[in-house]
Amino acid sequence: MNFGKFTLLRQLCPAFIGLFCMLVTVSALHSQTTPARYINHQVTSALKNNTKNASDGKVQYAKKRVQEPVNSAAKLMGGGCTLFANYSGGTPAIYSPADLSVITNAPIPLCGPVGTSYSSTYYQSSGGSFDWQVWAGEAYQFNLIQGNTYTVSICGGAGTWSPELTAESPSGVIDGNIAGCSLTFTATESGDYTIYISRVGFCGTLVAQDNGHLTITLTNATNCTPPTCGNGACNVGEDYCNCSADCPCNISGTFVDYNTTDSTFIISTTPVAFCENFVTGFANPSVPAHIMYVPLAVIGYDCVTYNISTTQGSLYRRSGDTLALTSTIDNLIIFWLRVTQADIDASGGTTTVTMTGAGGNCFDTMSIPWATVANYTGSVDVTCKSVLAVGMFLEGAYNTASGDTTMRTDINTLIPLTSPYAAAPWNAPAASIAAMPAGVVDWVLVELRDPATNALVESQAGLLSMGGYVYDTDLNFGLTFNATGEYNVIVRHRNHMPVMSSGTVDPDGTLLDMALLPNIFGGEQQVSRLGSLNLYALKAGDVNANGIINRTDFNLYKQAGSLLNNYNSADCNLDKNVSQLVGGDFPLIRQNTSAMAPSQVRY
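Residue numbers for the sequence shown follow my numbering, beginning at 1 and rising by one.
As structure tokens, then:
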């Protein structure tokens, strides 16, 4: 796996393959004068959680923006799962094939027939038999059930030099310990058990099982009924991959999983939507089709177009589109891998997606293992939701010193965990986050409005990254809306003048970049240009958030007085201070005085 391109979590992946109704619109750049500003992932890395033409009324969707492309490889990213049992640590003293550290990528069921076992792949050298070493300092994890009895063994349970085995419960209780090659214990609680090997050992002879790695066997299952495929019930231990007749493919997980060793990417924490979505013309059987859509994202630095192929399934620009990908696709796009149970069965356990492209270092492959895809047991949205990705800048936070396409995050540690837009005048739905990621500039608000009546259809608060893109509170790229159709989109900030899209937008996988002038209703008088860049930002100084910057805003600023380290609407340059001195917030209010948003936007 080339970590410099597109990656897949393989170590302790926090979630399973994501099934979302993020449907993708592919459209051309609005003009050759648009700055080629790609998503800057060195910027969005800081989001790691610390704990259609204007003339025809359509917005011209932008796929790129950064003044100059960064000299770095492209990445193709998608949802995925880790191996169920995870290896860590250990340096072999003798023979060690490179893949010897990978335990079989199949989980031991929480409940299964007595005798069910899993072990590592059997290795044999070209020269014949020899002793196999057990590494010291290894650790394996298995999800076990309280009251059931398990046996873990090495070297078929026999060795000339025995290791020490320890079974530790999720809470840290030692349920078993032995200086030997086999340990039987009863789980005192349910959850992820860790089996430690704390002493080096050797297998005396080459046996066709678990040489140098653990085998775990369910020896007694008193606390559960073994799963039975075909009984119409999706029992514990069954899932869509191993028992599709009983278990629908309602898969939980994140939109994209980024490798934790690659510091240039964020990790989405929880899913935003689940959807049973069917390709047009596909019959809807009583069991929901058993079709999975795996969202993948092409987000590159210097690549312009890509060709995507897959060893199984079909690739789609939209999850419900009947036309699979047959040509190149643009940079910065979401597409979908559609797979059925037959595809998974034919895959031998793994599907490989390959990316090639033009314009830079654009080759990569990604393997998606199906063995540990688990059935999602929560409620499922049977109506697809729409995802709208939004780009925007705030004039007050623009990093004028660097002159690049980033914003400062001076107020980051002061940003409330609860969105300020639930209060008047916005009255938006409440939103919150458990911990504020370091790369967040501030909360922003995105509204969908009926183009005929200007009635508010739906609004949602999001987190604006220093790179100028909006994330949801689960750190997924874009905001998920229930509304379908075409709407005017308004973006707001608590002390910047709001702007509206120049035409209607279908929030169906669209990237709407409000930093690009053709996308802004009213043109340049509504926004502020960022230095010499052909990029624009919301005007600072709308302290009372009514869509007009005038003396009222100045009076509110004066009333605030001088404040240090404060999250306050009078802080127009977002440096966490309200200053009455020259060079503070006043210059922004003065230069933008008399600015007025269109009537459709004003409160």
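Think of the CB as a built atom: it goes at the ideal place given N, C-alpha and C, for glycine as much as any other residue.
- If you look at F586, you'll find it isn't in any beta strand (DSSP E); it sits in the alpha helix (DSSP H) that goes 586–592.
- For N307 and S599, the gap between their C-alpha atoms comes out near 45 Å.
- Counting along the chain, the unbroken alpha helix (DSSP H) around L556 starts and ends at 551–560.
- The continuous beta strand (DSSP E) containing M500 extends over residues 496–500.
- Taking 4 residues as the shortest admissible run, the segment 468–553 contains no complete alpha helix (DSSP H) segment at all.
- N143 sits in a strand when the DSSP states are folded into three classes.
- For the pair A595 and I549, the CB atoms are nearer than the 8 Å cut-off.
- Rounded to whole angstroms, the separation of the alpha carbons of T356 and T473 is 33 Å.
- Residue environment: K539 is assigned as buried (16 or more neighbouring CB atoms within 10 Å of its CB, all protein chains considered).
- An exposed status is given to D192, since fewer than 16 other beta-carbon atoms sit within 10 Å of its beta-carbon.
- Ranked by Cα distance from I216, the options D175, Y150, M466, S171 are led by Y150.
- Annotated three-state conformation of T406 is coil, per DSSP.
- In this structure the segment 485–494 lies against the segment 442–454, because at least three pairs of beta carbons, one per stretch, are closer than 8 Å.
- Note: Y603 is not bridge-paired with any residue in the DSSP secondary-structure output.
- Counting along the chain, the unbroken beta strand (DSSP E) around N177 starts and ends at 174–179.
- In summary, Q525 is exposed, with fewer than 16 beta-carbon neighbours lying within 10 Å of its beta-carbon over all protein chains present.
- By the criterion of a C-beta distance shorter than 7 Å, D450 is surrounded in its chain by V457, Y487, once the five residues flanking it on both sides are discounted.
- The Cβ neighbour count for L417, taken over all protein chains shown within 10 Å, is under 16; the residue is labelled exposed.
- Residue pairing by DSSP places W443 opposite L463 in a beta bridge.
- Under the 10 Å beta carbon count, N231 is surrounded by fewer than 16 other beta carbons and is classified as exposed.
- P163 is classed as buried because its beta carbon has at least 16 other beta carbons within 10 Å across all chains shown.
- The continuous beta strand (DSSP E) containing F185 extends over residues 182–186.
- Inclusion of L464 and V499 in the CB contact set at 8 Å is not warranted, their separation being larger than that value.
- Note on V173: under 16 other CB atoms within 10 angstroms of its CB, so exposed under the neighbour-count rule.
- A Cβ-Cβ contact shorter than 8 Å links S502 with P518.
- T166 and Y196 do touch by the CB rule: their CB atoms are close to 4 Å apart, below 8 Å.
- Counting along the chain, S169 sits inside no beta strand (DSSP E), nor does DSSP assign it H or E at all.
- Taking G547 as reference, the option from L315, W426, I411 with the minimal CA-CA separation is W426.
- Per DSSP, reduced to three states, the secondary structure at N412 is helical.
- Within the DSSP bridge table, the entry for T352 names S367 as partners.
- In the DSSP assignment, the residues bridged to D192 are N143.
- Per the coordinates, the alpha-carbon of N148 lies some 43 Å from the alpha-carbon of L315.
- Within the DSSP secondary-structure output, L218 pairs in a beta bridge with Y150.
- As DSSP reads the structure, E458 sits in a beta bridge with L448.
- Taking 8 Å as the cut-off, the Cβ atoms of A389 and T510 count as close.
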